[in-house]
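Visitor: The numbers in the sequence shown follow our numbering, run straight up by one, and end at 336. Ideal placement from N, C-alpha and C gives every residue a C-beta, glycine not left out. Following this message is one structure expressed as C-alpha cells.
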Amino acid sequence: MLTRGVLLGDRYRLGERVATGGMGAVWRGTDVLLEREVAVKVLLPSLVADPEFTARFRAEARMLAALRHPGVVPVHDVGQAALDDGSRVDYLVMEYVEGEPLSARVRTVGRLDPATTMSVLAQAADALHTAHLAGIVHRDVKPGNLLVKADGRVVLVDFGIARSRNMAGLTAANMVLGTASYMSPEQATGQPVSAATDIYALGAVAYFCLAGQPPFHGDNPLAVALRHAQEEPAALPADTPPAVAAVVARALAKRPEDRFGSAAELAAAAADARDATLASIPVSARPPWALAVPTPGTPSVLPVTPAATPPVPTPAPPATPPAGVTGRTEGVPG
C-alpha cells in the first residue's frame, strides 16, 4: 500500500498525494539521490497486471522524456518497484511544478479577460505543437491540466492518456478517453484522434476562460460528450472581441479539417488576437504582463485580472447518448 514515506526504487520517497486520475495518482516526492523535489505518478495497482496497459504507460514515459519545451513538464525517470505487501507498482518521475491549475485560477478570480485568455491559449498551443511533432496526442487537455506558475508561465501536465499515433493497438477500438466537458466530437463518437483533437480541447479551454464555464457541461458525462458532437455552444459573452471569438470558433469546429491546421497555427492566431486586443486598450490600463509580449515559444506572463461576469445562457438539456460511449465530466468551473 502506498503511503507517505514509502521509498520507490530506493530513490523516490513519497510525500503527499496531490492528484488522482483515471490511470493513477500523483505524489509530491523527493529524489533522495539528487536531493530535489519531484512529482511521482503511480499507475493504479489494478492496471499493472494488464501487460497492454503497462506497455502503454512505459511507452508514454519514453515519448514524454524526449520532449523539450518550457511548457511541457520534464520527465526524469520511469521504473517499477515492489512494495512490502508483495505488490508492485509502475511509476513515472517528473519535475514537480509549483503552479495553480487554470481551473482554480478561474474559480478564484472569475472569467478571464480576452487578452489573458489568448495568452494562455498561445502558450498551451505552442507546447502542444512540440508534442504533436513527436507524434503525441495529449487527449485530455483541460483547465485542470494547465498549471499557471508564479511567474505566469503555463505548463501542460498529465499526459496520462497521451499516446503515439503508432499505438492504436494499445487502446480498445471503441474506448473513449478524455474529460467530457472538453472532449472533441471525434472522441465522443469513438472516432480516430489526431492533433486536431487537442486543438478542439484548447478551444473549449479558451471558451471556459472567457465564459466561466465549458461549452457543454452537466452531471451525465455521456450526455455531455454527445452534445459536443451534435450541438453548438452558447454564444460567448458580448464583450468578447471578434478576433478572439473567431479563434475560439475555429478551434471548436465540429469537423477536424475545419479547425486550425496545426497547434502552431492556433498559437500564432491566438497571439495575433491577443496583440489586437491589447492594441485597443490604453497603455496605462494594460496589465503588467503586457508590457513585454513575446511570440509563441517564449510564453508571456498570465495576469490575474478577472473580467466582469455577465449571465451566461443556460444550455439546452442534453440528448440521450448512444451506447458504448464513455468519458468523464468536470464540475463548473473545471
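For Gly101, which residues of its own chain have a beta-carbon under 7 Å away from its beta-carbon, when the five flanking residues on both sides are left out?
Guide: The count along the sequence shown starts at 1 and reaches residue 101 at position 99. If we look at Gly101 and ignore the five residues flanking it on each side, its Cβ neighbours are Leu149, Val150, Lys151 and Val157.
Visitor: If you measure between the beta carbons of Arg113 and Leu212, is that distance less than 9 Å?
Guide: For the purposes of this step, residue 113 is taken as residue 111 along the sequence shown, with counting starting at 1. For the purposes of this step, residue 212 is taken as residue 210 along the sequence shown, with counting starting at 1. Yes, Cβ-Cβ distance for Arg113 and Leu212 is below 9 Å.
Visitor: On the DSSP letters alone, give me the boundaries of the alpha helix (DSSP H) that Gly205 sits inside.
Guide: In the sequence shown, residue 205 corresponds to position 203, counting from 1. Counting along the chain, the alpha helix (DSSP H) containing Gly205 begins and ends at Ala197 to Ala213.
Visitor: Count the other C-beta atoms from every protein chain shown that fall within 10 angstroms of the C-beta of Leu35, then say buried if there are 16 or more, exposed otherwise.
Guide: Here residue 35 refers to the residue found at position 33 of the sequence shown. By the 10 Å Cβ count, Leu35 comes out exposed.
Visitor: With a cut-off of 8 Å, do at least 3 Cβ pairs link the segment 198-216 to the segment 131-140?
Guide: Yes, they touch.
Visitor: Per DSSP, what kind of secondary structure is Ala278 in: helix, strand or coil?
Guide: Numbered from its first residue, the sequence shown carries residue 278 at position 276. Here Ala278 sits in helix by DSSP.
Visitor: Quick one: what does DSSP say Arg6 is sitting in, helix, strand or coil?
Guide: In the sequence shown, the residue the question calls residue 6 occupies position 4. Coil at Arg6, not helix or strand.
Visitor: By the three-class DSSP mapping on this structure, what secondary structure does Arg149 have?
Guide: Taking the first residue of the sequence shown as position 1, residue 149 is located at position 147. Per the sequence shown, residue 149 should be read as Leu rather than Arg. Looking at Leu149 - three-state DSSP - the assignment turns out to be strand.
Visitor: Indicate the three-state DSSP secondary structure (helix, strand or coil) for Pro337 in the structure shown.
Guide: Here the chain covers residues 3 to 336 and nothing more, so residue 337 does not appear.
Visitor: Going by DSSP in three states, Leu224 sits in which element: helix, strand or coil?
Guide: Residue 224 sits at position 222 when you count from the first residue of the sequence shown. Reduced to three states, the DSSP call for Leu224 is helix.
Visitor: Could you tell me whether the Cβ atoms of Val8 and Val20 are closer together than 9 Å?
Guide: Residue numbering aside, residue 8 sits at position 6 when the sequence shown is read from its first letter. Residue numbering aside, residue 20 sits at position 18 when the sequence shown is read from its first letter. In this structure, Val20 does not lie closer than 9 Å to Val8 by Cβ.
Visitor: Three or more beta-carbon pairs under 8 Å between the segment 39-49 and the segment 85-96, yes or no?
Guide: At 8 Å Cβ cutoff, the stretches touch.
Visitor: Consult DSSP for His131 and reduce its assignment to one of helix, strand or coil.
Guide: Translated into the one-based positions of the sequence shown, residue 131 becomes position 129. Helix at His131.
Visitor: For Leu268, tell me which candidate among Arg70, Gly205 and Asp277 has the shortest Cα-Cα distance.
Guide: The residue given as residue 268 occupies position 266 in the sequence shown. For Leu268, the nearest C-alpha among the options comes from Gly205.
Visitor: Out of Arg6, Val122 and Arg15, which has the shortest C-alpha to C-alpha gap to Ala270?
Guide: Translated into positions along the sequence shown, residue 270 becomes position 268. The candidate whose alpha carbon is nearest that of Ala270 is Val122.
Visitor: If I'm right that Gly17 touches Gly26 with Cβ under 8 Å, what's the distance once you round it to whole angstroms?
Guide: As a first step, residue 17 must be located in the sequence shown, where it is residue number 15. As a first step, residue 26 must be located in the sequence shown, where it is residue number 24. Gly17 to Gly26, Cβ: 16 Å. No contact.
Visitor: Consult DSSP for Glu100 and reduce its assignment to one of helix, strand or coil.
Guide: In the sequence shown, counting from the first residue as 1, residue 100 sits at position 98. The answer is coil: DSSP assigns Glu100 none of H, G, I, E or B.
Visitor: Does the Cβ of Ser183 have 16 or more other Cβ atoms within 10 Å, making it buried, or fewer, making it exposed?
Guide: The count along the sequence shown starts at 1 and reaches residue 183 at position 181. Buried.
Visitor: Should Ser186 be labelled buried (16 or more other beta-carbon atoms within 10 Å of its own) or exposed?
Guide: Here the question's residue 186 lines up with position 184 in the sequence shown. Label assigned to Ser186: buried.
Visitor: How is Arg19 classed by DSSP in three states: helix, strand or coil?
Guide: As a first step, residue 19 is located in the sequence shown; it is residue number 17 there, counting from the start. Arg19: strand per DSSP, three-state reduction.
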